[in-house]
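Numbering (UniProt numbering), first residue to last: 1 to 549.
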């Protein structure tokens, strides 16, 4: 039996093998970043202030030392007995140059160790090849070594101080001067005290600055956290909305940013206001969607109900006809009637669907006067039990009757007339007076709108040449209060039940007539207005009048 050995992956395969994804580095919060930046800024400011103060203090101390050396040069130059001392032979020794009686030994400069001399002060006096040197050390005067003398003799006499390193003595600040008789004098003082003072003051400054910086960072952190708290609440509101189920059918009221976090003038307040505005828009859109879905469901239910009635009638008469239970002529007549009714309903639904989809109607010149005359003639034939009247604009001032033109679709406008007349005929009792009128409206200043650039625009249904209108007014009982807000909605009828109101001709209301009127008027850039009360109801469709070119 052979054993199968696992093949090692080729280098290319190994390179293509998935690697463990590195965990993403968590981003620091804005409060943390601001605190770090604040700490760095405060620390840099403290270091800058301490360094500047130390440099200024050190510069001042060197200036004071320079003035002291200037005074020492003058004192040494005019010291009593300088000439006698300079005539003595130079003797260099590390032994004290001052005897118990206070007299200088040979080799010590005159005046060194006297009044005005300080610990660590050195002097070198050179004249006629003789060199006298000494330094005050531990309250005694000692001479300088040959190496240090060579360093000090190289100092230039240019009225400026300079720093030198002396063997075994440290750093000194020295000045040199040559008098008129050729005497060269070098004086100096140790800078050790200045260095120590600078180090101590810098350390104290940095320590105090660190305490101040920590306090500032702590206070700044608390202030930043307090200022960022409103932003955190705004973010919590946004997360709450993001976690909400916005796809649910029932729309719950969305939470909003509180008034204290939405005050204008601050960055967080502006963000809060913008978020509230967005929430308002989202809520409006969700509400509109819910209303639209509800209307769609209602529309489907109403359409199904309206179609089911004629279909059920057709099916019933067909079954009766098959069983020879009814006269064939009557059955076929009822089947044809219900088919026609169903066909009309489907045509109305298709028309509404096309208008909702934005289908444009025709735009040829149409005069409303002939259409009104035809409508009244048809109304007399369809509703002889009503009183029909026609009102046309009077001729005058050079105008004729045929002057109510607009740019539109004649078939659609005829349907507007027919639907309004049918609405008045079906929903009013016999003997009701119905007046059909057309006319012109002059340009109304309330209809004119002017933008900032001076461009003129007109309210819907108006234009630069005015408006034309068609009106159907009846003297019936009026529209019930509860139906007035929804009278232009689909499948809304005057009767509260879902049955069709009977009429002499066997017709009735499907609840689509006024909805079609509103949609056609909208498509022709017009508007429809309704007035109703106990004295009757009137519907007025207003369109922009055709401009004569």
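Ideal placement from N, C-alpha and C gives every residue a C-beta, glycine not left out.
Item	Value
Start and end residues, beta strand (DSSP E) containing residue 365	364-367
Stretch pair the stretch 35-55 + the stretch 194-205: three plus CB contacts closer than 8 Å	yes
Contact set for residue 497: own chain, Cβ-Cβ below 8 Å, skip 5 residues either direction	Only weak support is given to the placement of residue 497: the predicted model assigns it a pLDDT of 33, under 50, and the value that follows is read from those uncertain coordinates. For residue 497, where only same-chain residues beyond five positions count, there are no Cβ hits under 8 Å.
Identified DSSP bridge partners for residue 177	185
Rounded straight-line distance, which links the Cα of residue 317 to that of residue 299	28 Å
Cβ distance (whole Å) where residue 429 is taken to contact residue 466 below 8 Å	Incorrect: roughly 37 Å between the Cβ atoms, too far for contact.
Residue 141: first and last residue of the uninterrupted beta strand (DSSP E) it sits in	140-142
Buried versus exposed, by CB contacts within 10 Å (16 or more), residue 123	buried
Buried or exposed by the 16-neighbour rule on C-beta atoms within 10 Å, applied to residue 471	buried
Alpha carbon of residue 154 to alpha carbon of residue 142, nearest angstrom	21 Å
Helix, strand or coil at residue 327 [DSSP, three-state]	coil
Beta-carbon separation (whole angstroms), residue 540 vs residue 478, contact threshold 8 Å	Contact flag wrong, Cβ pair sits at about 16 Å.
Range of the contiguous beta strand (DSSP E) that encloses residue 536	536-544
Residue(s) in a DSSP beta bridge with residue 163	173
Check whether residue 261 and residue 230 have beta carbons under 8 Å apart	yes
Residues near residue 270 by beta carbon distance below 8 Å, same chain, minus five either side	264
Endpoints, alpha helix (DSSP H) assigned at residue 417	410-426
Where residue 356 falls, given that 16 or more other Cβ within 10 Å makes a residue buried	exposed
The stretch 34-41 / the stretch 216-233 touching (three or more Cβ pairs under 8 Å)	yes
Three-way DSSP call (helix, strand, coil) for residue 124 in this model	strand
Rounded C-alpha distance that separates residue 119 from residue 209	34 Å
Limits of the unbroken alpha helix (DSSP H) element including residue 195	192-242
Residue from 268, 242, 289 and 136 whose Cα sits closest to the Cα of residue 233	268
Element boundaries [alpha helix (DSSP H), containing residue 33]	30-77
Buried or exposed (CB count within 10 angstroms, at least 16 for buried), residue 521	buried
Alpha-carbon spacing of residue 421 relative to residue 538, whole angstroms	11 Å
Three CB pairs or more closer than 8 Å across the stretch 60-72 and the stretch 184-191	yes
Where residue 400 sits in the DSSP three-state scheme	Caution is warranted here: a pLDDT of 48 is assigned to residue 400, below 50, making its placement in the model unreliable, and the coordinate value is therefore given only provisionally. Looking at residue 400 - three-state DSSP - the assignment turns out to be coil, as it is neither helix nor strand.
Beta carbon of residue 542 nearer than 8 Å to that of residue 469	yes
Selection from 139, 138, 176 and 168 that minimises the alpha carbon distance to residue 152	176
Beta-carbon proximity of residue 366 to residue 307, cut-off 8 Å	no
CB of residue 125 within 8 Å of CB of residue 74, strictly	no
Distance between residue 144 and residue 193 (C-alpha atoms, nearest Å)	21 Å
Pair within 8 Å by beta-carbon distance, residue 516 and residue 351	yes
Residue 287 burial status per 10 Å Cβ neighbour count (16 or more: buried)	exposed
Backbone CA spacing between residue 315 and residue 328 [nearest angstrom]	14 Å
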